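**Q** Going by the working numbering, 70 is the number at position 24 of the sequence shown; the sequence numbering is gapless.
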Amino acid sequence: MSLPTKIILSDLHLGAGYFNSANPLEDFRHDDRFYEFALDLRAESEATGRPMELIINGDMIEFLQVPAVPVSEYDPQAPYPEEAYRSTAEADSVLRMDLVIAGHRPVFEGLGAFLSETPRRTVTIIKGNHDILLHWPGVQERIRQAVGATGPKAPLLTFSERFVCRDGVYIEHGNQYRDPLNRLDDFENPVDPRHPDRLRTPIGSRFVIEFYNHIEYQRWWVDAIKPIPALIAYGMVLDPGFALKAVGVLLTAFPGMIFGPFAAGEREPSPLRAVREESLEELVRRYESDPAYRREFNDELQKYLWTLGPEVPRKAWGRAAMLETGRRISRSFSDGLVEEAQRIVRQQGVSLVVFGHTHAARMDLLDGGVYANTGTWTWWRDFSQADLETWRQLVTNPEAFMTPHYLTYVRVEYGPDGRPQATLHDLSGELALPKARPFRRRCRGCRFWS
């Protein structure tokens with residue numbers, strides 16, 4: 047029997063629905079296109095008789111931006127309190143899953159239409175850092191019901207807690223690597239041992255709830271700028287008030303891990319303490335009016351933005367240096383997963399590794415294999431090379447950057463020798479797809495975070 051063709055995509059971030067722009071926390075806007083895509087795959091499989099796997103590699107669901115309220119009571123224009131997004135209890139997780147299904151019915155109908163026993167077509171959903179609540183059986187059951195994967199069809203839909211490794215391919219979301227904000231010590235079993243009715247979530251989830259869920263009512267696009275430290279570096283150049291709000295959330299959420307020297311009990315004073323001790327208005331005024339203070343503040347902030355990465359050469363601490371900090375963090379964020387893919391190729395004996403997580407579609411030739419990243423179906427742009435003027439335009443006129451949305455995925459076929467052969471695709475036809483080239487590390491001594 048021939049090995050099934052694999053279609054791998056990730057980072058759909060399905061929320062509670064778009065509702066003609068009424069919900070600024072919704073990032074996915076391609077329900078009908080996804081449905082057509084699923085039907086096209088079904089038609090291909092029927093015509094060729096070949097088996098096919100559709101694998102959604104993490105962050106399919108954006109639970110962090112879906113409130114735990116019944117579908118009948120949901121108001122897409124209402125700014126719900128933070129507590130509506132925090133609960134990880136199974137019953138609240140099911141409520142949120144019901145909202146996602148109601149807001150994206152064509153997606154689930156497309157998945158249901160794709161499933162088949164002959165030719166065999168299956169769907170695998172891998173958990174990511176934004177949809178850890180997929181761990182709950184009740185949430186999985188809601189998805190089964192929505193796609194019709196019950197009874198004899200139940201084996202056609204499977205859920206993976208972390209990765210899939212078969213037929214020479216290793217597939218994982220990628221948040222567990224070099225990413226202390228979005229990893230867990232036990233990602234496969236995230237149940238809180240002190241509260242078995244709840245799940246542990248990465249500390250980056252708190253940042254989404256306490257920062258993104260508020261700021262996106264004014265700047266809905268900000269969560270597309272990855273990773274978080276790069277967003278802060280860019281923000282200090284363009285809008286210090288915005289960036290300092292983000293720094294404040296970081297310092298409050300996890301001072302001991304990221305900003306350890308500024309946790310309680312530290313003897314040496316630091317200008318970053320002011321983020322927690324002074325009013326935002328006073329801090330912004332001081333930062334913008336006092337060059338000496340701004341230099342000192344930037345020096346400390348840059349040092350800790352690079353706690354897990356290489357430093358920018360210490361020269362003038364002006365806008366150009368902070369902009370370069372953001373650029374290097376952005377590039378390092380994507381490059382770090384390529385190095386992890388190389389390690390997996392050697393350890394697992396596979397010839398293809400597929401990650402998501404970074405939202406940046408790419409392919410790289412490794413020693414003995416290939417790395418591919420599926421990208422995302424939400425809005426994304428590569429700003430790692432953007433100059434200051436481009437950033438200013440994004441802040442003042444974001445609509446000019448909002449189209450197109452790339453719709454990327456990885457397709458895996460098998461040659462006569464049984465080795466997987468991966469190709470990168472974009473349904474939008476707008477992305478200049480990167481060609482697979484030998485990976486060369488861009489910076490020495492790098493570590494990475496998101």
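The beta carbon of each residue, even a glycine, is placed where N, CA and C say it ideally should be. Since we're looking at a predicted model, the values are computed, not measured.
(1) How would you label residue 475, buried or exposed, when you count the other beta carbons within 10 angstroms and need 16 or more for buried?
(2) So, helix, strand or coil for residue 495, using DSSP?
(3) Would residue 348 and residue 368 be called neighbours here (beta carbons separated by less than 8 Å)?
(4) Check residue 460 in the structure and name its three-state DSSP category.
(5) Kindly give me the distance between the Cβ atoms of residue 218 and residue 209, rounded to whole angstroms, as I take these residues to be in contact under 8 Å.
(6) Excluding five sequence neighbours on each side, which residues of the same chain lie with their C-beta closer than 8 Å to the C-beta of residue 130?
(7) Out of 216, 341, 439, 248, state which residue places its alpha-carbon closest to the alpha-carbon of residue 222.
(8) In whole angstroms, what separates the C-alpha of residue 84 from that of residue 142?
(9) Residue 212 by DSSP, collapsed to three states: which one?
(10) Using the rule of at least 16 other Cβ atoms within 10 Å of the residue's Cβ for burial, across every protein chain shown, is residue 292 buried or exposed?
(11) According to the neighbour-count rule (16 or more other Cβ atoms, all chains shown, within 10 Å of its Cβ), is residue 461 buried or exposed?
(12) Determine the direct distance from the alpha carbon of residue 422 to that of residue 50, and round the result to whole angstroms.
(13) Does residue 196 come out as helix, strand or coil in the three-state DSSP assignment?
(14) Check residue 162 in the structure and name its three-state DSSP category.
(15) At 4 residues or longer, what runs of the alpha helix (DSSP H) sit wholly inside the region 356–427?
(16) Suppose contacts are defined by Cβ-Cβ distances below 8 Å. Is residue 420 in contact with residue 55 by that definition?
(17) Taking the beta strand (DSSP E) that residue 468 belongs to, which residues open and close that run?
(18) Under the three-state reduction of DSSP, which class applies to residue 349: helix, strand or coil?
(19) If I follow the unbroken beta strand (DSSP E) through residue 203, where does it start and stop?
(20) So if DSSP puts residue 237 in a beta bridge, which residue, or which two residues, is it bridged to?
**A** Looking at the atomic coordinates:
(1) Only exposed fits residue 475, as fewer than 16 other CB atoms lie within 10 angstroms of its CB.
(2) Residue placement at residue 495 is flagged as unreliable, the pLDDT there being 34, under the threshold of 50; the coordinate-derived value follows with that caveat. DSSP places residue 495 in the coil class of the three-state scheme, outside both helix and strand.
(3) Yes, these two residues count as a Cβ contact at 8 Å.
(4) Three-state DSSP puts residue 460 in a strand.
(5) Right, the Cβ-Cβ distance comes to about 4 Å (below 8 Å), so this counts as a contact.
(6) So the qualifying residues of the chain are 113, 114, 115.
(7) Taking only the C-alpha atoms, the option nearest residue 222 is 248.
(8) Distance between the alpha carbons of residue 84 and residue 142 is about 24 Å.
(9) Three-state DSSP puts residue 212 in a strand.
(10) Buried, because 16 or more other Cβ atoms sit within 10 Å of the Cβ of residue 292.
(11) Counting Cβ neighbours within 10 Å, residue 461 comes out exposed, since fewer than 16 surround it.
(12) When rounded, the distance between both Cα atoms is 23 Å.
(13) Coil, per DSSP.
(14) Residue 162 sits in a strand when the DSSP states are folded into three classes.
(15) Complete alpha helix (DSSP H) runs here, min 4: 365–394.
(16) Taking C-beta atoms as the reference points, residue 420 and residue 55 count as a pair closer than 8 Å.
(17) That run of the beta strand (DSSP E) goes 466–472.
(18) Reduced to three states, the DSSP call for residue 349 is helix.
(19) Annotation: the continuous beta strand (DSSP E) that includes residue 203 extends over 203–206.
(20) Paired residue(s): 245.
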